[in-house]
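Enquirer:
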Amino acid sequence: METRSDTANRDEEFMRLALVQAREALSHDDVPVGCVVVVNDEVLGVGENRREVDRDPTAHAEMIALRDAAARRTGWRMDDATVYVTLEPCVMCAGALLNARVNRVVIGALDEKAGAVGSRYNVLSDPRLLHEATLSYDVLAEESRSLLRAFFESRRT
Numbered sequence: 000m001e002t003r004s005d006t007a008n009r010d011e012e013f014m015r016l017a018l019v020q021a022r023e024a025l026s027h028d029d030v031p032v033g034c035v036v037v038v039n040d041e042v043l044g045v046g047e048n049r050r051e052v053d054r055d056p057t058a059h060a061e062m063i064a065l066r067d068a069a070a071r072r073t074g075w076r077m078d079d080a081t082v083y084v085t086l087e088p089c090v091m092c093a094g095a096l097l098n099a100r101v102n103r104v105v106i107g108a109l110d111e112k113a114g115a116v117g118s119r120y121n122v123l124s125d126p127r128l129l130h131e132a133t134l135s136y137d138v139l140a141e142e143s144r145s146l147l148r149a150f151f152e153s154r155r156t
């Protein structure tokens, strides 16, 4: 039987992989957000923010990771997937997670300005919509916040 501690350890392990993706975004001057899609303890998709390098407003980490997972799976349904993302998803990404029927979303840092999974909106836990996901918050949140804080502070100087 799996314990709460086992789940917490697994969540931290996969969030560390999402943080690797977030650091990858820094290498091409994008906001450091990373995401991994996991099914049965196997990473199925990875993504980092690529808006600047791809010149694409939809190239958020979650969108890239979902596309990667769907291509590997050869199907769009992710109803058995857990998504780990370093920053709370925006409305667009929450909508993509909703439409992919993602089972669970694990979030690092909350986004008080644009978060759509608890902070500003509750897209993935709104019973009026076609799907609801299980949500977990604040997994390695300080590491996620530190990356974001450093990135934006470097922009202000």
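So for the sequence shown, numbering that gives the first Met the number 0 puts the first residue at 0; every next one is plus one.
Using N, Cα and C, we set each Cβ at its ideal position, and we do this for glycine too.
1. Taking the alpha-carbon positions, what's the Thr156 to Thr6 distance?
2. Does the region 71 to 78 come close enough to the region 49 to 61 that 3 or more CB-CB pairs lie under 8 Å?
3. Would His59 be called buried (16 or more neighbouring beta carbons within 10 Å of its own) or exposed?
4. Quick one: complete beta strand (DSSP E) runs, 3+ long, within the region 86 to 149?
5. Could you check if Gly74 is buried or exposed, using at least 16 other CB atoms within 10 Å of its CB as the buried criterion?
6. Tell me the DSSP secondary structure of Thr81 in three-state form.
7. In this structure, what does DSSP give as the bridge partners for Val38?
8. Can you find at least 3 beta carbon pairs, one from the region 118 to 135 and one from the region 55 to 72, that sit closer than 8 Å?
9. Hey, how far is the Cα of Leu25 from the Cα of Pro31?
10. What are the boundary residues of the alpha helix (DSSP H) that Arg54 is part of?
11. Between Val105 and Ser124, is the Cβ-Cβ spacing less than 8 Å?
12. Would you mind working out which of Asp110, Ala113, Tyr83 and Leu146 sits nearest Asn102, comparing C-alpha positions?
13. Figure out for me which residue from Thr2, Phe13, Arg22 and Asp10 has the closest Cα to the Cα of Arg144.
Expert: Judging by the given coordinates:
1. Within the sequence shown, the letter at position 157 stands for residue 156. Within the sequence shown, the letter at position 7 stands for residue 6. If I take the Cα positions, the gap works out to 40 Å.
2. no
3. The count along the sequence shown starts at 1 and reaches residue 59 at position 60. Flag for His59 reads buried.
4. Secondary structure within the region 86 to 149: the beta strand (DSSP E) runs of 3 or more consecutive residues, fully enclosed, are 103 to 108 and 133 to 135 (chain order).
5. On the sequence shown, residue 74 is found 75 positions in, with the first residue counted as 1. Flag for Gly74 reads exposed.
6. Position 82 of the sequence shown, counted from the first residue, corresponds to residue 81. Of the three classes helix, strand and coil, the one that applies to Thr81 here is strand, per DSSP.
7. As a working note, residue 38 is residue 39 in the sequence shown. Its beta-bridge partners are Glu41.
8. no
9. If you number the sequence shown from 1, residue 25 lands on position 26. If you number the sequence shown from 1, residue 31 lands on position 32. Their Cα atoms are separated by approximately 6 Å.
10. As a position in the sequence shown, residue 54 is number 55, starting the count at 1. Premise fails: Arg54 is in no alpha helix (DSSP H) and is neither H nor E.
11. One-based indexing of the sequence shown puts residue 105 at position 106. One-based indexing of the sequence shown puts residue 124 at position 125. The answer is no: Cβ separation not under 8 Å.
12. Taking the sequence shown and counting its residues from 1, one reaches residue 102 at position 103. Nearest of Asp110, Ala113, Tyr83 and Leu146 to Asn102, Cα basis: Tyr83.
13. Working through the sequence shown from its first residue, we reach residue 144 at position 145. Nearest of Thr2, Phe13, Arg22 and Asp10 to Arg144, Cα basis: Arg22.
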